[in-house]
Amino acid sequence: MHWAITGATGFLGIHILGELLRGDDTFTLLSRPPLDPITRIGKALPLAVTDGQVWTEEELRERFTVVAVDLAAPNLGLSDERFRELADSADAILHCAGSIELDADLADLRRTNVGGTTRILELAEAGSRAPDLFHVSTAFVAGKRRSGLICETELADGEGFENNYEQSKFEAESLVRDWAQRTGRRVVVLRPSALIVDRPPHPDFPLHPLSFLSTSADSGMRLFSVSGRPMRTKMSIRLRGDLNGHLNYMPADEAADEMVRLMRLAPDGLSTYHVVHHHDVAVQTLVDLFNALSPIPLTLVDGPIEDPNLLERRLRWASGFFPYLAHSRTYDTTGTRAVIGEPHRETIVDFDYLLGSVGRYKRYLTFKPEQHQPRETVAPLVSVGSPFDVTAHGADPARPIRGLTFIVTVGRSGSTALSRILTAHPDVLSLNEFYLSVRASSAADQPLSGEQFWRMLAEPHPIFDSMVRGGSAMPEFIYPRLQGTRFDANTTGIPAISMMTLPHLSSDPDGVFDALAAEVPTWPGQTSRMHYEQLFAWLAKHFGGTVMVERSAMSLSSVSWLRETFPDAKFVHLFRNGPDTAVSMSEHTGFRLMALIQDALELLDLDPERRHPGLRLDPTAIPIELASLVGDTCEVDTLMGQNLPIARFGRMWSELIVTGEAELADLSADRYLPLSYADLVADTRSSLAQLASFLDVEVDPKWLEFGAGVIDPKYTGASARLSAEELQAVVESCVPGAACLAKHAVGAKAGGVSAAR
13 MHWAITGATG
23 FLGIHILGEL
33 LRGDDTFTLL
43 SRPPLDPITR
53 IGKALPLAVT
63 DGQVWTEEEL
73 RERFTVVAVD
83 LAAPNLGLSD
93 ERFRELADSA
103 DAILHCAGSI
113 ELDADLADLR
123 RTNVGGTTRI
133 LELAEAGSRA
143 PDLFHVSTAF
153 VAGKRRSGLI
163 CETELADGEG
173 FENNYEQSKF
183 EAESLVRDWA
193 QRTGRRVVVL
203 RPSALIVDRP
213 PHPDFPLHPL
223 SFLSTSADSG
233 MRLFSVSGRP
243 MRTKMSIRLR
253 GDLNGHLNYM
263 PADEAADEMV
273 RLMRLAPDGL
283 STYHVVHHHD
293 VAVQTLVDLF
303 NALSPIPLTL
313 VDGPIEDPNL
323 LERRLRWASG
333 FFPYLAHSRT
343 YDTTGTRAVI
353 GEPHRETIVD
363 FDYLLGSVGR
373 YKRYLTFKPE
383 QHQPRETVAP
393 LVSVGSPFDV
403 TAHGADPARP
413 IRGLTFIVTV
423 GRSGSTALSR
433 ILTAHPDVLS
443 LNEFYLSVRA
453 SSAADQPLSG
463 EQFWRMLAEP
473 HPIFDSMVRG
483 GSAMPEFIYP
493 RLQGTRFDAN
503 TTGIPAISMM
513 TLPHLSSDPD
523 GVFDALAAEV
533 PTWPGQTSRM
543 HYEQLFAWLA
553 KHFGGTVMVE
563 RSAMSLSSVS
573 WLRETFPDAK
583 FVHLFRNGPD
593 TAVSMSEHTG
603 FRLMALIQDA
613 LELLDLDPER
623 RHPGLRLDPT
633 AIPIELASLV
643 GDTCEVDTLM
653 GQNLPIARFG
663 RMWSELIVTG
673 EAELADLSAD
683 RYLPLSYADL
693 VADTRSSLAQ
703 LASFLDVEVD
713 PKWLEFGAGV
723 IDPKYTGASA
733 RLSAEELQAV
743 VESCVPGAAC
753 LAKHAVGAKA
763 GGVSAAR
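Residue numbers (this note's numbering): 13 to 769.
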């Protein structure tokens, strides 16, 4: 039997394929270009098929044919002749592709889920062979019916839908049923419930529908913990739900087994089957799961959430899931059981199973060394888990640094992801948050001894240590989350260069620190510029790279100092939609602290521009509710509990944009590159290729592929979750910044006022 399959590389598709491969069937994979689905399938199958069955890539290529298609295009993007040939080549068509983003834009979901189904129906009718059609729908086409029994033969939209995903799948299934009635063909509609596995996320395996819970809990852990230890917080998350409710979750491998048997045994004509577990999961179990993962307690309430706090607003991105916490419906499986009998196996989905499915915070690298190694002459100094060895390095000391570039930004604009991408390039020495950590006030030509320069690098940043002690550490603070390190904010203080910069370069930041401590104080008296250049050369010698790129948040305010200190440097201005950036800033401890300190300085009639970043204000002179922010402990509850309107951060965004662009405006095109985060998301490879050319490093296809995997498009459109009143206020606050970007010929990329509206 020969199958034409869409979505074979997706979470469900890979499990179904694992069952179908046990026979002698052959397959045409309908896949988006230019990806190679066979390689992806070869990596994912061992993670989906757990009984030891393996297939080599050679065996898979013998049974698979790949046809590059566009599910949104007429004829799938193929010629009329090729489209008919494809239709006549298949005994069966399995349509498994689709978007499972619950709260995506309805038009986008329709384009994928409804439009794609339309094209597959056209394919099924295009030739003379009349293949069987198997359509993967969802049990959630039942929409807002939160209680009672949902019958397999039932498809009605009288009560509406919980989210846009449900509506798009309902519309797609309606098309399939109408087509089946009209043609009289053999059509099997499969309605699985929520599918999961009891294994943690893996870079070679697609995410499942419950993965968002791990993401949400992980966000809370990063915000409220240091070194894996929960920090003090009185905040909680309230969600509307029913503790007596229950939801259906089914192991994906068992669902795939039932689906394949249904496809093989279902009768002629149209038939519809629920593929669900016979035991539901209590909503209380899901609440317990979240609370086991996150330091922020979750509670359910009966009515609407009044005055949502910061964390509750932050969770709006997952709001498509939350209505299910009020569900208690069940699903009829009469047809399923009549065709295939009782399940071959049925694993109990309980707390422990679900805990395995979200990974217990086991993290996996999405970029592995074997995928993209630096050149032999620029091998990385430290492998994962190895100590730092100052005497052993693979860099070529004869290759001096030939370029210095600063990525300047407001912050919360995708710069952390960009740093990660740049670190992977063998020709780039990427310094993460160096000048945010060190932030020297010395002039470029001021003479410093080696010991003085070392103190500047090694002395703890008082505000950063205060944030760590109070549980308000920024997520960018890498060092406090490492195990077995020497320095501690409560005792020794964390050296400035160790907080964010050295852990970005090495798994042994203390070893690098010791090597620098032995080296830097011996340097002769020279200007601060010369010290920096000598430091960069030392790092390049040990870590590789001929082009140095430094990236720090809030660095737009430092452009003047950077240009004075490094007059030949290049600049990349990475910017993001103003309202979206403001929303992200409002949820970030560092920007909230910055806003509150600025407000306190205004109350004290002090000029923030003249204030040295390390200055400790007298807490007794500041309003009592703000006093802890500048004392020895920056308490997280004080910091996150302050009522700061989103528009406050829109004004901060505008101020930083205006300040930075005024200093960048006179730079020539060979020294200044405006880079829009929107462009980086829309066309990652082209944007990275442009950046590589600007940096004068190789445009490596493997590096571009890696970068495309790092940029996550779901982190866009944050301001769309605001109320109309909040959105209007933040858009207005961003007008000066957007106008400044437009004036300097990057307005089309700014995603500013017009886009926000």
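Note that the Cβ used here is the ideal one computed from N, Cα and C, for glycine as well.
Assumed close pair residue i, residue j - CB separation to whole angstroms, cut-off 8 Å
{"i": "residue 98", "j": "residue 79", "result": "6 Å"}
{"i": "residue 178", "j": "residue 167", "result": "Contact flag wrong, Cβ pair sits at about 12 Å."}
{"i": "residue 423", "j": "residue 533", "result": "Not a contact, Cβ separation roughly 32 Å."}
{"i": "residue 792", "j": "residue 191", "result": "With the chain represented from 13 up to 769, any question about residue 792 goes unanswered, as that position is not in the structure."}
{"i": "residue 351", "j": "residue 263", "result": "Contact doesn't hold; Cβ gap of about 20 Å is too wide."}
{"i": "residue 182", "j": "residue 169", "result": "6 Å"}
{"i": "residue 601", "j": "residue 486", "result": "5 Å"}
{"i": "residue 118", "j": "residue 176", "result": "4 Å"}
{"i": "residue 34", "j": "residue 65", "result": "7 Å"}
9 Å Cβ cutoff met for residue i and residue j
{"i": "residue 433", "j": "residue 722", "result": "yes"}
{"i": "residue 416", "j": "residue 562", "result": "yes"}
{"i": "residue 703", "j": "residue 646", "result": "no"}
{"i": "residue 558", "j": "residue 414", "result": "yes"}
{"i": "residue 189", "j": "residue 282", "result": "yes"}
{"i": "residue 494", "j": "residue 459", "result": "no"}
{"i": "residue 40", "j": "residue 140", "result": "no"}
{"i": "residue 442", "j": "residue 516", "result": "yes"}
{"i": "residue 524", "j": "residue 501", "result": "no"}
{"i": "residue 310", "j": "residue 249", "result": "yes"}
{"i": "residue 476", "j": "residue 489", "result": "yes"}
Closest by C-alpha distance to residue i, when choosing among the options
{"i": "residue 560", "options": "706, 210, 254", "result": "706"}
{"i": "residue 332", "options": "156, 93, 596, 289", "result": "156"}
{"i": "residue 445", "options": "152, 430, 31", "result": "430"}
{"i": "residue 44", "options": "37, 57, 21, 64", "result": "21"}
{"i": "residue 471", "options": "480, 263, 505, 481", "result": "505"}
{"i": "residue 735", "options": "134, 273, 171, 320", "result": "320"}
{"i": "residue 108", "options": "17, 124, 72, 63", "result": "17"}
{"i": "residue 266", "options": "180, 258, 205, 251", "result": "205"}
{"i": "residue 313", "options": "334, 214, 304", "result": "334"}
{"i": "residue 468", "options": "543, 494, 714", "result": "543"}
{"i": "residue 252", "options": "308, 737, 269, 315", "result": "315"}
{"i": "residue 528", "options": "587, 540, 546", "result": "546"}
{"i": "residue 361", "options": "369, 554, 73", "result": "369"}
{"i": "residue 171", "options": "158, 163, 56", "result": "158"}
Below-9 Å beta-carbon distance, residue i vs any chain D residue
{"i": "residue 536", "result": "This model lacks chain D altogether, as it is built from one protein chain only."}
Cα-Cα separation between residue i and residue j, rounded to whole angstroms
{"i": "residue 217", "j": "residue 28", "result": "14 Å"}
{"i": "residue 338", "j": "residue 366", "result": "19 Å"}
{"i": "residue 276", "j": "residue 297", "result": "36 Å"}
{"i": "residue 755", "j": "residue 690", "result": "19 Å"}
{"i": "residue 23", "j": "residue 54", "result": "14 Å"}
{"i": "residue 254", "j": "residue 649", "result": "28 Å"}
{"i": "residue 419", "j": "residue 669", "result": "14 Å"}
{"i": "residue 682", "j": "residue 582", "result": "8 Å"}
{"i": "residue 31", "j": "residue 449", "result": "53 Å"}
{"i": "residue 698", "j": "residue 426", "result": "16 Å"}
{"i": "residue 301", "j": "residue 744", "result": "41 Å"}
{"i": "residue 509", "j": "residue 571", "result": "20 Å"}
{"i": "residue 537", "j": "residue 675", "result": "30 Å"}
{"i": "residue 732", "j": "residue 535", "result": "53 Å"}
{"i": "residue 507", "j": "residue 63", "result": "50 Å"}
{"i": "residue 336", "j": "residue 160", "result": "14 Å"}
{"i": "residue 346", "j": "residue 36", "result": "30 Å"}
{"i": "residue 608", "j": "residue 655", "result": "10 Å"}
{"i": "residue 244", "j": "residue 154", "result": "For residue 244, the pLDDT reaches just 44, beneath the cut-off of 50, and the residue's location in the model is therefore unreliable, leaving the point undetermined."}
{"i": "residue 539", "j": "residue 574", "result": "14 Å"}
{"i": "residue 13", "j": "residue 273", "result": "15 Å"}
{"i": "residue 51", "j": "residue 69", "result": "7 Å"}
{"i": "residue 256", "j": "residue 291", "result": "14 Å"}
{"i": "residue 38", "j": "residue 143", "result": "14 Å"}
Residue i beta carbon near the ligand SAM (any heavy atom closer than 8 Å)
{"i": "residue 649", "result": "Although the ligand SAM was asked about, the structure shown includes no ligands whatsoever."}
>> Report the start-end ranges of each alpha helix (DSSP H) in the stretch 439–468 that is 4 residues or longer and not cut off at the edges.
In response: 446–449
> What are the complete beta strand (DSSP E) segments, minimum 3 residues, inside the stretch 102–170?
Replying inline: Segments of the beta strand (DSSP E) lying fully in the stretch 102–170: 104–107, 144–148.
>> Please give me, in chain order, every unbroken run of the alpha helix (DSSP H) with length at least 4 that falls completely inside the stretch 48–86.
In response: 49–60, 69–75
> Enumerated in chain order, which unbroken segments of the beta strand (DSSP E) with a length of 3 residues or greater are wholly contained in the stretch 268–296?
Replying inline: 282–287
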